[in-house]
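Novice: Going down the list, the sequences are from chains A and L.
Okay, so the first sequence: first residue is 63 according to our numbering, each after it adds one.
Okay, so the second sequence: first residue is 34 according to our numbering, each after it adds one.
Backbone N, C-alpha and C fix where the C-beta goes; we use that ideal spot for every residue, glycine too.
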Amino acid sequence: MLGAKRGRSRSVDDPDLDLVPIMNMFLVLIPFLLISASFFHLKAINTSVPVLGNADGSVAPGNTVKLTVIVQLEERGIRLSAMSDEADASILGDFDAYFPKGRASAYPLDEVATFLQGIKDRYPSSDTLIIIPDGGVIYDTIIRTMDVARTGTRTELFPNVVISGKVG
Amino acid sequence: MALGRSRRRTQKFVPPKLQLTSMMDMFTILLIFLLISFSSEVVRMKIDGNIQLPKSTAKQDYRNNIRLVVAQDSLWLGDEAVAKIKDGTVVGLDPANLQRSALYRKLSACRQKAGKATENKTAEDNVILFICDKRLSFKTINSIIKTAGIAGFPNFQFGVLEQ
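1. What residue range does the beta strand (DSSP E) around residue 108 of chain A cover?
2. With DSSP collapsed to three states, give me the class of residue 134 of chain A.
3. State yes or no: is the beta carbon of residue 99 of chain A nearer than 8 Å to at least one beta carbon in chain L?
4. Which chain A residues sit within Cβ distance under 7 Å of residue 165 of chain L?
5. Does residue 179 of chain L come out as helix, strand or coil in the three-state DSSP assignment?
6. Please classify residue 196 of chain L as buried or exposed, where buried requires at least 16 neighbouring CB atoms within 10 angstroms.
7. How many angstroms separate the CA atom of residue 137 of chain L from the CA atom of residue 181 of chain L?
8. Where residue 149 of chain A and residue 174 of chain A are concerned, what is the direct C-alpha to C-alpha distance, given to the nearest angstrom?
9. Should residue 210 of chain A and residue 112 of chain A be called a contact, given that it needs their Cβ atoms to be closer than 8 Å?
10. Against chain L, with Cβ distances strictly below 8 Å, would residue 220 of chain A count as a contact?
11. If we ignore side chains and look at the alpha-carbon of each, how far apart do residue 186 of chain A and residue 126 of chain A end up?
12. Could you work out which residues of chain L lie near residue 209 of chain A, taking near to mean beta carbons separated by less than 8 Å?
13. Can you give me the C-alpha to C-alpha distance between residue 124 of chain A and residue 123 of chain L, rounded to a whole angstrom?
14. Tell me residue 71 of chain L's beta-bridge partners as DSSP assigns them.
15. With a threshold of 8 Å between beta carbons, is residue 174 of chain A in contact with chain L?
16. Which residues does DSSP pair with residue 160 of chain A in a beta bridge?
17. Beta-carbon of residue 111 of chain A versus every beta-carbon of chain L: anything under 8 Å?
18. Which residues bound the beta strand (DSSP E) around residue 107 of chain L?
19. So if I threshold CB-CB distances at 8 Å, which residues from the segment 97 to 124 of chain L count as touching chain A?
20. For a contact meaning CB atoms closer than 8 Å, what does residue 172 of chain L contact in chain A?
21. Name the chain L residues that come within less than 8 Å of residue 102 of chain A, Cβ to Cβ?
22. What residues from chain L crowd round residue 96 of chain A, counting only those whose CB sits closer than 7 Å?
23. Please name the residue in L:194, L:178, L:147, L:107 whose C-alpha comes closest to that of residue 226 of chain A.
24. In the DSSP assignment, what are the bridge partners of residue 148 of chain L?
25. Check whether the segment 78 to 89 of chain A and the segment 188 to 195 of chain A touch, using three or more Cβ-Cβ pairs below 8 Å as the test.
26. Our contact map puts residue 88 of chain L next to residue 169 of chain L with C-beta atoms below 8 Å; I'd like the distance itself, whole angstroms only.
27. Only counting the same chain, and skipping five residues up and downstream in sequence, which positions put a Cβ closer than 8 Å to that of residue 213 of chain A?
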């Protein structure tokens, strides 16, 4: 009882925290983090240019027709077509399409994404897309087209994107 | 007068207390911000002029291999300026004869060096990290990537900013 009384009667001082060691740690950590900080998060898109080589004649097991989609970025719009050694010309003809630029002279990439999704749904083994831009097409447009070609609207579409100049 | 002086002398010296709380707050905020932007791989680029990178939905990390940087007015291979770009054309890069350009020679040298060290390398190590200004036209880029393809680097990683 006496002990309890004594405890109550003690004056409660604000405990002084010794912040100096924490400050020292911060002073070491902050320069280290400043050096290794990156303010631009750089990511990468894999692509390739066409090279001469021996054609691989092997066909995937099972009836899996592979189409190669060609996206031509023209000054006035986007032209789509498909090619394949395993499909008839009449089937390939179904995938010929042209999407003219919109009012704000922007490429209709949403419509292209929907069209590409349709191809992927019909031929899910297809994984290659060739982008053929005109000389005047800017790099930003090529990257946005690549994004549409790779990711599409719902699923991954064509992970192998090849970039090529126009022949002739 | 004398009384006043003696009073001053007898005052007890109290060491001043540093108020570290606000400084701690500032450091904590700074630390959190820096921890978020911490990156184990920092790319240092020496670029002449300002470069605007395109934004993309890509999530893949880049490999820090041979770096080809195309700014509005200059072309860099790593930290070395290779050519000037004037009116959208790479100076000294003839589209009809790409093998005679300085870029081709330097890339071929890189390829030979890479060829010597292929024992421990995979095909992915011979990929060029291509960093290009988003405002440049394909006409400018095409001759550069064609040259790289001829020099033995047909695979690229296009460097983009995370959206």
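Specialist: Put simply:
1. For residue 108 of chain A, the enclosing beta strand (DSSP E) has its first and last residue at 104 to 110.
2. Note: residue 134 of chain A maps to strand in three-state DSSP.
3. Interface residue, yes.
4. Result: 201.
5. Residue 179 of chain L: helix per DSSP, three-state reduction.
6. Around the beta carbon of residue 196 of chain L, fewer than 16 other beta carbons lie within 10 angstroms, which makes this residue exposed.
7. For residue 137 of chain L and residue 181 of chain L, the distance between alpha carbons rounds to 7 Å.
8. About 22 Å.
9. Their beta carbons are not under 8 Å apart, which means residue 210 of chain A does not touch residue 112 of chain A by this criterion.
10. Not closer than 8 Å to any Cβ of chain L, the Cβ of residue 220 of chain A fails to qualify, so no.
11. C-alpha of residue 186 of chain A to C-alpha of residue 126 of chain A: approximately 8 Å in a straight line.
12. Within chain L, the residues near residue 209 of chain A are 89, 90, 91.
13. Model confidence at residue 124 of chain A stands at a pLDDT of 48, short of 50, so the residue's coordinates are unreliable and nothing is read from them.
14. In the DSSP secondary-structure assignment, residue 71 of chain L is bridged to A:99.
15. Residue 174 of chain A does not count as touching chain L.
16. Note: residue 160 of chain A is bridge-paired with A:141 in the DSSP secondary-structure output.
17. Closer than 8 Å to some Cβ of chain L, the Cβ of residue 111 of chain A qualifies, so yes.
18. Here the beta strand (DSSP E) through residue 107 of chain L covers 107 to 110.
19. Listed by position along the chain: nothing, the set is empty.
20. Residues of chain A passing the Cβ test: 197, 198.
21. Result: 86, 194.
22. Near residue 96 of chain A (Cβ distances below 7 Å), the residues of chain L are 67.
23. Answer by Cα proximity: L:178.
24. None; residue 148 of chain L has no bridge partner.
25. Judged by Cβ distances under 8 Å, the segment 78 to 89 of chain A makes no contact with the segment 188 to 195 of chain A, as fewer than three pairs qualify.
26. With 8 Å as the limit, residue 88 of chain L and residue 169 of chain L do not qualify as a contact, their Cβ atoms being about 15 Å apart.
27. Excluding sequence neighbours, residue 213 of chain A sits near 219.
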